[in-house]
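Note that the working numbering gives residue 1371 to position 77 of the sequence shown, counting from 1, and the numbers run on in steps of one.
Beta carbons are placed, not taken as given, at the ideal position from N, Cα and C, and that holds for glycine.
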Amino acid sequence: MAAGDGNPLQKFAMQILLLVVGVALVLSRDYWGKPHAVLLAGVFFLNLLWITVVLGHDLPIWSWLRNNIVGNLAMILIILANIVAIVVSAVFY
1295 MAAGDGNPLQ
1305 KFAMQILLLV
1315 VGVALVLSRD
1325 YWGKPHAVLL
1335 AGVFFLNLLW
1345 ITVVLGHDLP
1355 IWSWLRNNIV
1365 GNLAMILIIL
1375 ANIVAIVVSA
1385 VFY
């Protein structure tokens, strides 16, 4: 199954879910034991939202990100940097 397969409604529902989870984590960070890690987790979900929008919708402005190695590496590095920041924040702060 290719990344472009699937019902457009499913893509939209996944993006809405990522947006809701990300915003909920950012707004509720003060109620958690480690608010900085929760904030970073919310940013992680918002970055996943951004990447699913880039990969899921065919807009000319995003074709550069999808169609070359630098854009693909940038999207992967954003996710990896978020994961490292969450782990470091959860362990050390």
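Which word fits residue i, buried or exposed, when buried means at least 16 other C-beta atoms lie within 10 angstroms of its C-beta?
| i | result |
| --- | --- |
| A1331 | buried |
| L1312 | buried |
Determine the DSSP secondary structure at residue i, reduced to helix, strand or coil.
| i | result |
| --- | --- |
| G1350 | helix |
| Y1387 | coil |
| N1301 | coil |
| N1362 | coil |
| M1295 | Reliability fails at M1295, whose pLDDT of 44 lies under 50, so the model's placement of it is uncertain and the value that follows must be treated cautiously. If DSSP states are grouped into helix, strand and coil, M1295 belongs with coil. |
Between residue i and residue j, how many whole angstroms is the CB-CB distance? I'm expecting something under 8 angstroms.
| i | j | result |
| --- | --- | --- |
| I1396 | L1334 | With the chain represented from 1295 up to 1387, any question about residue 1396 goes unanswered, as that position is not in the structure. |
| K1328 | A1384 | 6 angstroms |
| V1348 | W1356 | 5 angstroms |
| M1369 | L1359 | 7 angstroms |
Give a yes or no on whether the minimum CB-CB distance between residue i and chain C is below 8 angstroms.
| i | result |
| --- | --- |
| H1351 | Going by chain labels, chain C is absent from the structure shown, which holds only one protein chain. |
Checklist entry - Is there contact between the region 1297-1316 and the region 1338-1346, where contact requires at least three CB pairs shorter than 8 angstroms? => result yes
Item to check | Inside the region 1320-1350 only - alpha helix (DSSP H) runs reaching at least 4 residues | outcome: 1329-1350
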